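Those letters in the sequence shown? Residues -15 to 315, per the working numbering, in order.
Note that CB positions come from ideal geometry on N, CA and C, so glycine has one too.
Every value quoted in this text rests on a predicted model; they were computed, and no experiment measured them.
One structure is given here, and the rest of the page talks about it.
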Amino acid sequence: MHPGFGQSGSHDVISNSVPVEGPDRQESDLLSTPEETLWQVPAPLSTLDVQLDERTVTTVRRHGNPSGPRLVLSHGNGLAVDPYYPFWSLLANDFDLMVYDLRNHGNNKVGDQQNHNIPTLISDHDTILSAVVRECGEKPTVGVFHSLSALITLLSFSDAYSALVLFDPPLCKPTASEQEFIQSAERMAAMIRNRTVRFKSEQQFAELLAIFPGFARVVPGVRELMARSTLRRAADGEGHELCCPREYEAQIAEYVRSFSPLLDLTTLTCPTKVIGADPTLPFTYLPTFDLGHVSAVDYDFVPEASHLLQLEQPEQCAEMLRKFLAGQGIV
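What follows is the structure, encoded as structure tokens:
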């Protein structure tokens, strides 16, 4: 959700004056001044358009190594999958990456608000996963999801995954903590509905993100990447507006309040790793719970990371994913 590195490696990092060419696995060029860092998401190896309903299509983009195990990746409420590029670019050498935006997010057109709900998103997830397997073939497939998309996957009826790696899913303990979770979700929805809907430029939006606690820890260049990925030109040509309208994002926040308490992690059908935000930090999205007592999942958290942990500590998150999948014999 919106308001809320500088290391080299296999990322594509460019300056405003340096064009990017080549595939996902190009070596990075990093500016000497971190605040000028600009991430460039490369063109996909291929795309797959998936018909979700009569009026809705989402495009799955293929990056990485087609010979590797398959990772299917998506994003949190109000966001898009491209801002996670500092994280998933680290996996491009070894994994077949399938990335997509949820309906009414990112590159997708905005559809009817009445269809923007958790049950529809669950159906979308299952349709997308089936299409990927049908068109690209059977092989070990791992779901790698953050926040809202992680919740959707946990609520899904699909059993096609070899494993799941879920980053800070919005889980709610059915205890006294439930009331705190519900109140936090209600506050979040109210804040979203008061959000600015139009911006003079992508740069203005990126500068505004810098004042929000949820974006205080992200690696250099992520705010600018977020602006390019989650804004579109306004229909009247005057400035930019959110790709996911604030009313849609707020509606999902209210659905999360209702659906999270329904989750039963003991019913998981595949090995699952949950990587959470640091539970000792003030939460910037919804309360973070220590799941160390839940034997059905392999739980860990990233110290000093908040809800956008993949955008704050991408190397650590990628390493934890690799270690878990190695333990499952997938890599």
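**Message:** Below 8 Å on the Cβ atoms is my contact criterion, and I expect R179 with R241 to pass it. Report the Cβ-Cβ distance as a whole number of Å.
**Reply:** Stepping through the sequence shown from its first residue, residue 179 is reached at position 195. Stepping through the sequence shown from its first residue, residue 241 is reached at position 257. That pair is no contact at about 18 Å.
**Asked** For Y68, which of P53, N77, D85 and R54 has the nearest alpha-carbon?
**Response** Within the sequence shown, numbered from 1, the residue matching residue 68 stands at position 84. Between Y68 and the set P53, N77, D85 and R54, the nearest pair of CA atoms involves D85.
**Asked** Over what stretch of residues does the beta strand (DSSP E) that includes E225 continue unbroken?
**Response** For the purposes of this step, residue 225 is identified with residue 241 of the sequence shown, where counting begins at 1. Start and end: H224 to L226.
**Asked** Using DSSP with H/G/I as helix, E/B as strand and the rest coil, what is K257?
**Response** The count along the sequence shown starts at 1 and reaches residue 257 at position 273. In the displayed model, K257 falls within a strand according to three-state DSSP.
**Asked** Can you round the beta-carbon distance between Q235 and Q35 to whole angstroms, since I take them to be within the 8 Å contact cut?
**Response** Within the sequence shown, residue 235 is the residue found at index 251, counting from 1. Within the sequence shown, residue 35 is the residue found at index 51, counting from 1. Rounded, the Cβ-Cβ distance is 23 Å, inconsistent with contact.
**Item:** Backbone CA spacing between G205 and F79 [nearest angstrom]
**Value:** Locating residue 205 in the sequence shown gives position 221, where the first residue counts as 1. Locating residue 79 in the sequence shown gives position 95, where the first residue counts as 1. If you take the alpha carbons of G205 and F79, they lie about 24 Å apart.
**Prompt:** Which one or two residues does DSSP pair with V94 in a beta bridge?
**Reply:** Working through the sequence shown from its first residue, we reach residue 94 at position 110. Under the DSSP definition of a beta bridge, V94 lacks any partner.
**Asked** So, helix, strand or coil for D220, using DSSP?
**Response** The residue you call residue 220 lines up with position 236 of the sequence shown. Looking at D220 - three-state DSSP - the assignment turns out to be coil, as it is neither helix nor strand.
**Cβ-Cβ distance between S244 and L155 below 9 Å** = Stepping through the sequence shown from its first residue, residue 244 is reached at position 260. Stepping through the sequence shown from its first residue, residue 155 is reached at position 171. Yes, Cβ-Cβ distance for S244 and L155 is below 9 Å.
**Request:** Can you give me the Cβ contacts of T250 inside the same chain, cut-off strictly under 6 Å, excluding the 5 residues immediately before and after it?
**Result:** For this step, residue 250 is matched to residue 266 along the sequence shown. Cβ neighbours of T250 beyond the five flanking positions: A280.
**Asked** Just curious, the beta strand (DSSP E) that D85 is in, first and last residue?
**Response** Mapped onto the sequence shown, residue 85 falls at position 101. Looking at the DSSP string, D85 is not in any beta strand (DSSP E), and its letter there is neither H nor E.
**Asked** In angstroms, rounded to a whole number, what distance separates the CA positions of C254 and V116?
**Response** Position 270 of the sequence shown holds residue 254. Position 132 of the sequence shown holds residue 116. Going from the Cα of C254 to the Cα of V116 covers about 19 Å.
**Prompt:** In the DSSP assignment, what are the bridge partners of F199?
**Reply:** Translated into the one-based positions of the sequence shown, residue 199 becomes position 215. BP columns for F199 are empty, so no partner.
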